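Trainee:
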Amino acid sequence: MAAAVVEAGDEAMHVALFPFLAFGHISPFAQLARSLVAVGGVRVTFLSAAANVARVEAMLPADGTAVVAALHLPRVPGLPVGAESTAEVDADGAELLKLALDGTRPQVEALLARLRPDVVLFDFATPWVADVARQLGARAAHFSVFTAVTSAYLTVPARRRLHHGAASCPTVDDLATAPVGFPPSSSLATVPTYQAADFTYMFTSFHGMPSAYDRVAACDKASDVLVFKTCAEMEGPYIEYIATQYDKPILVTGPLVPEPPHGELEERWATWLSSFPDNAVVFASFGSETFLPTAAATELLLGLEATGRPFVAVLNFPRSVDAEAELKKCMAPGFEERVKGRGVVHSGWVQQQHILRHRSVGCYVNHAGFSSVVEGLVAGCRLVLLPMKSDQFFNAALLARELRVGTEVARRDGDGWFGHDAVRDAVNAAFAGAGGGDDDERKWREFLTDDAVQRRFVEEFVRELRKLVL
Numbered sequence: 001m002a003a004a005v006v007e008a009g010d011e012a013m014h015v016a017l018f019p020f021l022a023f024g025h026i027s028p029f030a031q032l033a034r035s036l037v038a039v040g041g042v043r044v045t046f047l048s049a050a051a052n053v054a055r056v057e058a059m060l061p062a063d064g065t066a067v068v069a070a071l072h073l074p075r076v077p078g079l080p081v082g083a084e085s086t087a088e089v090d091a092d093g094a095e096l097l098k099l100a101l102d103g104t105r106p107q108v109e110a111l112l113a114r115l116r117p118d119v120v121l122f123d124f125a126t127p128w129v130a131d132v133a134r135q136l137g138a139r140a141a142h143f144s145v146f147t148a149v150t151s152a153y154l155t156v157p158a159r160r161r162l163h164h165g166a167a168s169c170p171t172v173d174d175l176a177t178a179p180v181g182f183p184p185s186s187s188l189a190t191v192p193t194y195q196a197a198d199f200t201y202m203f204t205s206f207h208g209m210p211s212a213y214d215r216v217a218a219c220d221k222a223s224d225v226l227v228f229k230t231c232a233e234m235e236g237p238y239i240e241y242i243a244t245q246y247d248k249p250i251l252v253t254g255p256l257v258p259e260p261p262h263g264e265l266e267e268r269w270a271t272w273l274s275s276f277p278d279n280a281v282v283f284a285s286f287g288s289e290t291f292l293p294t295a296a297a298t299e300l301l302l303g304l305e306a307t308g309r310p311f312v313a314v315l316n317f318p319r320s321v322d323a324e325a326e327l328k329k330c331m332a333p334g335f336e337e338r339v340k341g342r343g344v345v346h347s348g349w350v351q352q353q354h355i356l357r358h359r360s361v362g363c364y365v366n367h368a369g370f371s372s373v374v375e376g377l378v379a380g381c382r383l384v385l386l387p388m389k390s391d392q393f394f395n396a397a398l399l400a401r402e403l404r405v406g407t408e409v410a411r412r413d414g415d416g417w418f419g420h421d422a423v424r425d426a427v428n429a430a431f432a433g434a435g436g437g438d439d440d441e442r443k444w445r446e447f448l449t450d451d452a453v454q455r456r457f458v459e460e461f462v463r464e465l466r467k468l469v470l
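Counted from 1, the sequence shown has number 395 at position 395 by UniProt numbering; the numbering is strictly sequential.
1) Given 8 Å as the limit, is there contact between the stretch 213-220 and the stretch 416-432, that is, 3 or more CB pairs closer than that?
2) Look up residue 142 in the DSSP assignment and say whether it is helix, strand or coil.
3) Could you spell out where the beta strand (DSSP E) holding residue 13 opens and where it closes?
4) Is it buried or exposed, residue 225, if we count other Cβ atoms within 10 angstroms and call 16 or more buried?
5) May I ask which residues mark the beginning and end of the alpha helix (DSSP H) holding residue 241?
6) With respect to the alpha helix (DSSP H) encompassing residue 395, which residues constitute its N-terminal and C-terminal limits?
7) Classify residue 299: buried if its beta carbon has 16 or more other beta carbons within 10 angstroms, exposed otherwise.
8) Measure the alpha-carbon distance for residue 290 versus residue 387 and round it to whole angstroms.
9) Straight-line CA distance for residue 40 to residue 464?
10) On the DSSP letters alone, give me the boundaries of the beta strand (DSSP E) that residue 45 sits inside.
11) Less than 6 Å between C-beta atoms, sequence neighbours within five positions excluded: which residues of the same chain meet that for residue 227?
12) Classify residue 259 as helix, strand or coil using the three-state DSSP reduction.
13) Per DSSP, residue 250 forms a beta bridge with which residues?
14) Provide the residue(s) that pair with residue 283 in DSSP beta bridges, ordered along the chain.
15) Quick one: give me the first and last residue of the beta strand (DSSP E) that residue 385 is part of.
16) Cα separation between residue 363 and residue 58?
17) Locate the beta strand (DSSP E) running through residue 346, then write down its first and last residues.
18) Report yes or no: do the stretch 324-331 and the stretch 263-274 share at least 3 C-beta pairs separated by less than 8 Å?
19) In the DSSP assignment, find the alpha helix (DSSP H) that holds residue 69 and state where it starts and stops.
20) May I ask you to report which of helix, strand or coil DSSP gives residue 122?
21) On the CB-based measure, 16 or more other CB atoms within 10 Å of its CB, does residue 433 come out buried or exposed?
22) Taking buried to mean at least 16 other C-beta atoms within 10 Å of its own C-beta, is residue 358 buried or exposed?
23) Hey, out of 417, 367, 416 and 415, whose CA is closest to residue 400's CA?
24) Would you list the one or two residues that DSSP bridges to residue 408?
25) Just to confirm my understanding: we take residue 309, look at its own chain, exclude 5 residues before and 5 after, and list those with CB closer than 6 Å. What are they?
26) DSSP state of residue 86, grouped into three classes?
27) By a C-beta neighbour count over all protein chains shown, 10 Å radius and 16 as the cutoff for buried, is residue 106 buried or exposed?
28) With distances taken Cα to Cα, identify the nearest neighbour of residue 279 among 257, 346 and 383.
29) Have a look at residue 268 and residue 339 and give me their C-alpha separation to the nearest angstrom.
30) Does the stretch 390-404 come close enough to the stretch 293-307 to have 3 or more Cβ pairs within less than 8 Å?
31) Ignore the nearest five residues each way along the sequence and tell me which others in residue 344's own chain have a CB closer than 8 Å to its CB.
32) Can you list, in chain order, the residues of its chain with a C-beta nearer than 8 Å to that of residue 164? Leave out the 5 residues immediately preceding and following it.
33) Indicate whether residue 330 and residue 385 have their beta-carbon atoms separated by less than 9 Å.
34) Just verifying my parser: in three-state terms, what is the DSSP assignment at residue 294?
35) Out of curiosity, what's the CA-to-CA distance linking residue 174 and residue 185?
36) By Cβ distance, which residues of its chain are closer than 8 Å to residue 56, with the 5 residues on each side in sequence left out?
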């Protein structure tokens, strides 16, 4: 059964995976690795910096079908010694990690020459991988961990044509409007000013390097095939639009639903959550690498307090700061005393999937990171969406306005500001069944938890990869 996508006598296809050094990218690549080896007939080599190897290995099957190859980052001025993922650096350090990855090219060339993979799936930061793969006779695939709508709006060739060639950088006004040919049925034909201003990052060069947009465009141009972590059921019009922009195959892996968590919820959390009725608790968390400004975090906490509901809020901060001190700054005078017994504010890692699946948790306030949203939907939580940057804005709009499975927190158009009343109103609306209501949430939950459907996506993806390498 496991080898359903493999013809008799076929050897296992060898796939190399090379994500950017951010766990928001590494995790989807690891999910893809698990899915590929689960359908059979595929073995995987996963490339990452040496300091990440143990953590990546913990994400992969233990049966040897997926192994990790360590890369040693060269020294880059300004990059802290030992920093090998974005979790360990600030925003400027994340840009320097791209330079460090560029410096691994000789290692990657030697490694791939020894391994001889059939296909290499790589991330946006390293377009040169396509040239390395091609010289070895391997197929090169740019695997985007972002939703198709994000790519359709920001990185297709029509976006560059919209602002008159490679030498020019789009203005905020340019980025407030979708590129030519963008699906007319979309709720994202235009975006608010604060979002368009955020998108200018994509076209900004740091340290003399190509911009993120230029790296993506180079990846797309050099690849034999483009791969997206989505499906037609969720993003059909955007996938079709992307296909019109490129003269090459467009493949999808499906949404790559995370596996159920292993083990049990820590006793301290289980005891506290179990003291409340079913579906009563609001869980707010923004991932390990999305940091709310202090004023925004304060409004979030005051909004959760104003709901009158029990809540757990997880706020994380860059490693360079004192998390406990920053947490204190986020709490308004008297806040801790007022919410004592019904509100917990925490910084650091938590067992998110376990918490979301606890019977007392009924609502999930989050940053609209797509993997997080899927975890919340699968767990049966109502979603409140508070995106803070780039792709998260597109995810929130896709989910709330088109798939109808979440409630967006109202924001001011000019600067994106939200107040505590907007948080309170969004949470209350989610509990009241605003947005799509129970029917749409049930529909998408059943879709995401249908193992046969999700497996078919990956089987079809593997079949298409095999056609490319024959």
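Even glycine gets a Cβ: it sits at the ideal position worked out from N, Cα and C. Predicted, not measured: the structure shown is a model, and the values here were computed from it.
Mentor: Let me lay it out:
1) no
2) Taking the first residue of the sequence shown as position 1, residue 142 is located at position 142. If DSSP states are grouped into helix, strand and coil, residue 142 belongs with the strands.
3) As a first step, residue 13 must be located in the sequence shown, where it is residue number 13. Residues 13-18.
4) Position 225 of the sequence shown, counted from the start, is the residue given in the question as residue 225. The residue in question, residue 225, is buried, as its Cβ has 16 or more Cβ neighbours within 10 Å.
5) Counting from 1 along the sequence shown, the entry for residue 241 is found at position 241. Segment 232-245, the alpha helix (DSSP H) holding residue 241.
6) Position 395 of the sequence shown, counted from the first residue, corresponds to residue 395. Element bounds for residue 395: 390-397.
7) What you label residue 299 is simply residue 299 of the sequence shown in a count that begins at 1. With 16 or more other Cβ atoms within 10 Å, it is buried.
8) Within the sequence shown, residue 290 is the residue found at index 290, counting from 1. Within the sequence shown, residue 387 is the residue found at index 387, counting from 1. Their backbone Cα atoms lie some 9 Å apart in a straight line.
9) Working through the sequence shown from its first residue, we reach residue 40 at position 40. Working through the sequence shown from its first residue, we reach residue 464 at position 464. Each residue's Cα considered, the two are about 14 Å apart.
10) Taking the sequence shown and counting its residues from 1, one reaches residue 45 at position 45. Here the beta strand (DSSP E) through residue 45 covers 42-49.
11) Sequence index remark: in the sequence shown, residue 227 carries index 227 (1-based). Correct list, in chain order: 141, 143 and 251.
12) As a working mapping, residue 259 is identified with position 259 in the sequence shown. Coil.
13) As a first step, residue 250 is located in the sequence shown; it is residue number 250 there, counting from the start. DSSP lists 226 as partners of residue 250.
14) As a working mapping, residue 283 is identified with position 283 in the sequence shown. According to DSSP, residue 283 bridges with 312 and 364.
15) Position 385 of the sequence shown, counted from the start, is the residue given in the question as residue 385. Residues 382-385.
16) Locating residue 363 in the sequence shown gives position 363, counting from the first residue. Locating residue 58 in the sequence shown gives position 58, counting from the first residue. In a straight line, the C-alpha of residue 363 is about 29 Å away from that of residue 58.
17) Taking the sequence shown and counting its residues from 1, one reaches residue 346 at position 346. Residues 343-346.
18) no
19) To locate residue 69, count along the sequence shown from 1; it is residue 69. Here residue 69 belongs to no alpha helix (DSSP H); instead the beta strand (DSSP E) covers 66-71.
20) Here residue 122 refers to the residue found at position 122 of the sequence shown. Residue 122: strand per DSSP, three-state reduction.
21) As a first step, residue 433 must be located in the sequence shown, where it is residue number 433. Result: exposed.
22) Looking up residue 358 in the sequence shown gives position 358. So residue 358 ends up on the buried side.
23) Here residue 400 corresponds to residue number 400 of the sequence shown, with the count starting at 1. Of 417, 367, 416 and 415, the residue nearest in Cα terms is 367.
24) Here the question's residue 408 lines up with position 408 in the sequence shown. According to DSSP, residue 408 bridges with 385.
25) Numbered from 1 along the sequence shown, position 309 holds the residue referred to as residue 309. Closer than 6 Å at Cβ, skipping near neighbours: 282.
26) Numbered from 1 along the sequence shown, position 86 holds the residue referred to as residue 86. DSSP places residue 86 in helix when its eight states are reduced to three.
27) Residue mapping note: residue 106 aligns to position 106 of the sequence shown, counting from 1. Classification for residue 106: exposed.
28) Start at 1 with the first residue of the sequence shown, and residue 279 comes out as number 279. Among 257, 346 and 383, the Cα nearest to that of residue 279 belongs to 383.
29) By one-based count along the sequence shown, residue 268 stands at place 268. By one-based count along the sequence shown, residue 339 stands at place 339. Using only the alpha carbons, I get a separation of about 18 Å.
30) no
31) Indexing the sequence shown from 1 puts residue 344 at position 344. Correct list, in chain order: 272, 311, 312 and 313.
32) Along the sequence shown, one-based indexing puts residue 164 at 164. Here residue 164 scores only 47 on pLDDT, less than 50, and its place in the model is too uncertain to base an answer on.
33) Counted from its first residue, the sequence shown places residue 330 at position 330. Counted from its first residue, the sequence shown places residue 385 at position 385. No.
34) Mapped onto the sequence shown, residue 294 falls at position 294. If DSSP states are grouped into helix, strand and coil, residue 294 belongs with the helices.
35) Position 174 of the sequence shown holds residue 174. Position 185 of the sequence shown holds residue 185. Residue 174 and residue 185: Cα-Cα distance of roughly 20 Å.
36) One-based indexing of the sequence shown puts residue 56 at position 56. Closer than 8 Å at Cβ, skipping near neighbours: 26, 30, 46, 48 and 68.
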